[in-house]
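Participant: Quick one: the structure is below, questions incoming.
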Amino acid sequence: MSKDGPFDGILGFSMAAILCAAIPGMQREGVALKKVPKIKFVILISGAKFGGPSFGVPKLAVNAFSSPINCPSLHFLGEKDYQKKDGEVLLECFVDPQVIHHPKGHVIPELGQ
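Take the sequence shown: its letters are residues 1 to 113, numbered as in UniProt numbering.
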């Protein structure tokens, strides 16, 4: 991000969404990406929370969710996604998360679905 940035926002799918969800909180805590501008928004597709029901917490991200993340967020949740419950837990970590539900599983949804 420091080499090719700056970037206003980040997008992640699946495991990348788990990491992307933690980055604003890690920046707030001063443990990651200290030399780049703060992320202004995140787009999370089939994401989950580090430390949620299915995923442990890397030491670096231990405090990322210690308080609500006040970063605009758009979450895509699939009705048949095996990570759906983990994605719902992640919603509780953000202030005013925006959610798009789709009928598929653990996929990037196509436009028009």
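The beta carbon of each residue, even a glycine, is placed where N, CA and C say it ideally should be.
1) Please confirm whether A17 and G47 have their CB atoms less than 7 Å apart.
2) Which whole-angstrom value is the C-beta distance of I100 and L74, which I expect to be below 8 Å?
3) Just checking my contact of G78 with V36 at CB under 8 Å: how many whole Å lie between their CB atoms?
4) Any idea what DSSP makes of Q98, helix, strand or coil?
5) When you compare only the Cα positions, how much space is there between V89 and K49?
6) Do you know offhand how far K34's Cα is from I43's?
7) Tell me the DSSP bridge mates of I69?
8) For P103, which of K85, L91, P97 and F76 has the nearest alpha-carbon?
9) Using a Cβ-Cβ cut-off of 8 Å (strictly less than) and excluding sequence neighbours within five positions of K84, which residues of its own chain qualify?
10) Between the alpha carbons of S92 and D8, how many angstroms are there, rounded?
Facilitator: On the basis of the coordinates in this document:
1) yes
2) 7 Å
3) That pair is no contact at about 31 Å.
4) If DSSP states are grouped into helix, strand and coil, Q98 belongs with the strands.
5) 7 Å
6) Across the structure, K34 and I43 are spaced so that their CA atoms are roughly 21 Å apart.
7) Listed as beta-bridge partners of I69 by DSSP are F94.
8) F76
9) L77 and G78
10) Note that residue 92 corresponds to Glu in the displayed sequence, not to Ser. Between E92 and D8, the C-alpha separation is close to 23 Å.
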